[in-house]
Amino acid sequence: MADRSRIRYGNNESPTASPGTGRKKVHQSPSSRTKHHISAPGHNFRKVTLTKPTYCHHCTDFIWGLAGFLCEVCNFMSHEKCLKHVKTVCSWMASTLVRVPVSHCFSPLGHKKKFCSVCRKQLEESSALHCEVCELHVHVDCAPFSFSDCRQCHHDGHQDHDICHHHWREGNLSSSARCEVCKRTCGSSEVLSGMRCEWCGITAHASCYIILLPECKFGRLKKMILPPNCVRVNSRNFSKMHCFRISESSQKEPDDSDDVDRSVAGNLKETQSTSSSDSSKQTLKIFDGNDAVKRNQFRLISVPRIAKNEEVVEAALRVYYIPDEPQDYELQIYCQQVLVNEDITNCNGATENPKSQSVFKESVPEAWVLQAKPKESEVLKIYAGWLKLGVAYISILITKKTTVESVIKEVLQQLGRSDEDPEGLRLVEVHMGSKQVQRQVLMNQELLLEKLQAIRKNSIRQMNQTRFYIVENRNSVVQVNLLVSGLPVQLSEKEYTELLQEHLAIKTHLVSVTHVYTGQGAVVLEISCFSEAERIYMLAKDTTINSKQISAVIIPEIMHKKLPQECCPLLVFVNPKSGGLKGRDLIYSFRKLLNPHQVFELTSAGPLPGLHTFRQMPHFRILVCGGDGTVGWVLGALEEMRHKLACLDPAIGIVPLGTGNDLARVLRWGAGYSGEDPHSLLMSLDEAEEVLMDRWTILLDAQEVVDEDKENGVTEPEPPKVVHMNNYCGLGIDAELSLDFHHAREEEPGKFNSRFHNKGVYVKVGLQKISHTRNLHQNLQLQVDQHEVELPSIEGLIFLNIPSWGSGADLWGSDSDGRYGKPRLDDGLLEVVGVTGVVHMGQVQGGLRSGIRIAQGAYVRVTITKPIPVQVDGEPWIQPPGEIIISAAGPKVHMLRKSKVKQKKQSGSLKESRTDSLTLSEGVN
Ligand SMILES: [Zn+2]
Ligand SMILES: [Zn+2]
Ligand SMILES: [Zn+2]
Ligand SMILES: [Zn+2]
Ligand SMILES: [Zn+2]
Ligand SMILES: [Zn+2]
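Below is the structure:
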């Protein structure tokens with residue numbers, strides 16, 4: 001301790017406000033410096049000279065003249081005339097507005113121009129983060145100073161509220177945003193300004209939104225949003241990323257560890273640039289406590305060489321976003337030896353870091369540790385967990401003798417509940433870090449003032465992110481549901497249990513199998529212990545069974561009985577591999593527009609986790625973002641699951657990604673997604689009409705083995721195979737073309753990312769095939785509805801369920817024909833068409849000709865006498881000689897078709913375009 005040096009100054013006794021002794025309390029300073037303390041919520045305004053064009057954060061107008069008023073803590077800039085109207089709270093105080101602490105899911109920011117929620121300055125792409133679930137955007141350096149104010153998307157048993165409130169986020173609104181209250185523009189592209197509710201999307205001025213009622217009705221997407229109060233996830237230590245199934249491959253952020261504030265280090269650029277040219281100033285490293293020293297995380301301040309101690313302390317406080325008076329703090333010289341004396345482990349931690357090792361007391365006098373001076377007493381806010389209205393807390397004066405127990409008693413007394421047994425209550429310390437919310441139950445005899453001092457000694461910043469809750473002491477039942485997939489198919493429950501015991505060493509007294517999906521090779525586990533759930537989840541990631549990677553997904557519990565009557569949530573499936581990176585962008589948008597718990601990536605375990613999660617939902621709709629193959633995948637999974645779903649016929653809408661998309665074209669969703677506003681996509685889905693569509697079963701019965709297999713010693717014919725078809729199937733030339741394309745794709749998968757590229761390849765392969773001739777009609781016999789059909793001279797035979805083939809071509813043709821009925825999606829009939837070769841196919845695709853109409857019927861039997869290429873919905877293979885039988889597959893499926901009325905009105909106002917087509921939709925009532 002002998003080496004400790006201090007900057008000291010007098011007047012320890014001056015009465016000061018500690019961080020947040022009252023929510024609306026004006027920050028008073030006894031100092032006589034030239035500061036303007038205005039009754040704005042928590043800001044520390046100072047008059048500054050403007051050297052570059054500047055806008056007011058309150059009214060968003062340009063500030064004419066040379067003087068502006070800047071908050072020294074949060075960088076809020078204001079006109080002098082606007083000062084008295086400022087309602088935006090200062091960033092340090094914003095934590096007091098958090099209703100339920102929920103941590104964020106950070107990932108690197110994309111390309112758009114955004115402003116930082118902490119320092120209010122503009123973000124650069126290279127050093128910015130955004131949340132995957134809400135609209136928080138911050139600098140990497142600022143992230144530790146944001147707190148857990150993310151959207152609450154589910155209940156976790158801590159503080160559950162049944163009424164959903166607006167979730168306000170400041171700034172980054174579209175510049176056309178209008179205020180819900182005064183109807184004037186409230187967005188700005190120049191500064192962080194305006195408020196937006198992250199659930200219903202309404203926008204308002206920071207000075208207007210306060211008068212709106214707190215309850216959120218979810219706005220235009222109300223019917224399709226999965227209400228957060230109907231979702232429950234017991235998730236203690238599971239990261240939010242895992243709960244929302246946000247794939248970590250897209251999470252290559254610089255600070256992806258669970259350390260809350262690794263990124264504080266090196267906030268160098270900004271402060272240095274102002275000081276380097278100015279020799280009258282010096283740059284100091286400031287640590288905000290022992291924790292920062294241990295991690296070697298500091299922030300830099302630049303102060304005049306002849307600065308008073310008080311000014312240095314104040315600058316140090318401001319760089320940590322602390323509005324307090326400097327009198328309550330002191331700076332200690334940064335010194336390893338101090339730490340050695342105080343805490344051996346801190347020093348050991350520090351030696352792992354080569355940077356901090358090189359720092360010696362003598363060589364770096366400009367490194368300082370900010371410490372709070374001990375207090376005799378202070379006012380502490382205690383939040384009552386059961387008070388469900390707003391952010392309610394009780395202020396309690398604590399002294400050196402105050403224990404946790406005495407605080408509980410006093411809270412009861414203040415609430416008029418002193419007859420209650422304090423034994424039934426607990427005091428919980430909640431650290432509201434931006435990446436993690438940590439809860440710790442305090443022991444009854446713990447001394448609270450000491451507790452606060454310990455937190456501040458570790459990190460002064462952390463103190464501003466810490467809250468104390470008084471909660472009822474109940475033993476909540478732990479229940480984590482994990483869906484484990486990638487297991488071998490067609491096993492019994494007992495065999496699956498044994499397999500999991502062998503590979504994951506599951507503890508059978510804590511884990512039970514609740515659902516078995518033998519066809520998909522998946523089981524759902526109910527786990528009654530957090531650490532066992534975490535262990536299984538993590539271990540599954542590194543486990544292969546029969547050389548197949550298995551995976552585990554956390555399944556949220558849907559409390560379907562709490563769903564509002566009219567609610568018909570949307571289950572969203574996105575194939576992120578479709579359509580270049582567009583799938584990823586859509587996942588990101590839909591997570592924010594809806595509840596992330598209703599958005600599923602198809603990559604890890606296919607449609608099963610989503611369908612399983614929604615199995616008890618009385619009504620829901622499905623949105624598939626992907627190519628026709630993806631739609632077929634979901635339809636197939638739905639067929640297999642149908643008897644396990646409470647909603648028998650969920651209607652399916654499509655956002656087409658990738659090439660082809662014949663089904664999406666027929667249902668008016670277009671040829672491919674090209675970046676339309678995701679919100680309007682959802683609105684047109686809401687307005688879409690339901691149509692029925694036939695599905696077909698194809699039975700492939702090979703009577704002979706293929707030559708290839710004979711050579712390999714395989715002589716037994718395979719058992720008949722069954723596949724499903726939604727769009728069309730083709731024999732001969734059209735299948736051969738897609739087969740070549742398929743092989744090319746398998747050889748060089750990296751080349752086939754953009755859907756335009758895909759198209760180019762398709763055409764090239766087509767040209768190469770022109771010299772190839774064959775006589776398909778001589779190698780097969782066709783029977784339609786029990787009648788033999790004479791075939792003309794053709795190279796390709798195609799069976800159509802929908803009137804679009806090969807990326808939008810009309811193969812059947814639009815001419816009316818006395819022989820055949822007009823093709824429909826739901827007429828139970830297939831159209832049979834022939835093409836004479838590649839040239840003919842090209843002409844069909846160019847719209848110059850149609851195919852040769854051959855038949856129309858409900859039951860098709862094809863006998864093939866030599867191996868020929870076959871494709872079903874674009875998936876090609878070589879089929880050995882034998883029988884192919886196509887017949888109707890079970891019930892028709894319900895598809896969503898974009899409303900025509902809506903399309904016509906697209907140029908008009910969006911609000912007016914809600915059409916009567918809704919009356920066609922099912923599942924609303
Ligand atoms: Zn202004
Ligand atoms: Zn401020
Ligand atoms: Zn920032
Ligand atoms: Zn967030
Ligand atoms: Zn709202
Ligand atoms: Zn307004």
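Just so you know, full-length UniProt numbering puts 190 at position 190 of the sequence shown, and the rest follows in order with no gaps.
Cβ coordinates follow ideal geometry from the N, Cα and C atoms, glycine included.
Where M683 is concerned, the enclosing alpha helix (DSSP H) starts and stops at P678 to E687. In this structure, the alpha-carbon of L586 lies about 13 Å from that of G672.
Here the residues close to ligand 3, judged by CB distance below 5 Å to any of its heavy atoms, are C116, V118, C119, H139 and C142 in chain order. For P880, the closest alpha carbon among the candidates P891, V872 and K866 is that of K866.
Boundaries of the alpha helix (DSSP H) around H242: K240 to C243.
Runs of the beta strand (DSSP E) lying entirely within the UniProt domain "DAGKc" (565–702) and spanning at least 3 residues, in chain order: 570–574, 599–601, 621–626, 652–656, 689–693 and 696–702. The beta carbons of M617 and P569 sit about 7 Å from each other, so the pair counts as a contact at 8 Å. For S207, the Cβ stays outside the 7 Å cut-off from all heavy atoms of ligand 1. Contact annotation: the region 839–851 touches the region 811–827, with at least three C-beta pairs closer than 8 Å. Under the three-state reduction of DSSP output, K400 falls in the coil class, being neither helix nor strand. DSSP, reduced to helix, strand and coil, places D149 within a strand of the structure shown. Fully enclosed beta strand (DSSP E) runs of no fewer than 3 residues occupy 466–472 and 480–485 of the region 441–493, in order along the chain. C105 sits in coil when the DSSP states are folded into three classes, being neither helix nor strand. Not one heavy atom of ligand 5 lies closer than 7 Å to the C-beta of W633. Contact annotation: D328 and A292 have beta-carbon atoms that are not nearer than 8 Å. Annotation for H242 indicates a beta carbon at 7 Å or more from all heavy atoms of ligand 4. Between the region 600–609 and the region 687–707, the count of C-beta pairs closer than 8 Å stays below three; the two stretches do not touch. For K112, the closest alpha carbon among the candidates S126, V102 and C105 is that of S126.
Here the distance from the Cβ of V133 to the nearest heavy atom of ligand 4 is below 7 Å. Only residues of its own chain outside the window of five on either side were considered, and among them H560, R615, Q616, M617 and P618 have a CB closer than 8 Å to the CB of A646, listed in chain order. Look at the region 482–560 and you find these whole runs of alpha helix (DSSP H), each 4 residues long or longer: 493–504 and 530–541.
Cβ contact annotation for S207 (same chain, cutoff 7 Å, sequence separation greater than five): H85 and K87, in chain order. Contact between R861 and Q783 holds, with the beta-carbon distance rounding to 4 Å and staying under 8 Å. Ligand 6 has a heavy atom closer than 7 Å to the beta-carbon of V181. Taken from the Cβ of V191, every heavy atom of ligand 2 lies 7 Å or farther away.
Going by DSSP, A292 is part of the alpha helix (DSSP H) stretching over N290 to R295.
For F573 and V655, the gap between their C-alpha atoms comes out near 10 Å. With at least 16 other beta carbons inside 10 angstroms of its own, I554 counts as buried. One Cα belongs to R439, the other to M432, and the distance between them is close to 9 Å. In the displayed model, A392 falls within coil according to three-state DSSP, outside both helix and strand.
Between ligand 6 and the CB of R184, the shortest heavy atom gap is smaller than 7 Å.
If you draw a straight line from the Cα of P227 to the Cα of S492, it is about 36 Å long.
When DSSP reads this structure, M432 sits in a beta bridge with V437. The region 445–460 and the region 377–386 touch, with no fewer than 3 CB-CB distances between them shorter than 8 Å.
Ordered by chain, the residues meeting the criterion of a beta-carbon within less than 6 Å of a non-hydrogen atom of ligand 5 are H166, C197, W199, C200, I202 and C216. Distance from the C-beta of V73 to the nearest heavy atom of ligand 2 is below 7 Å.
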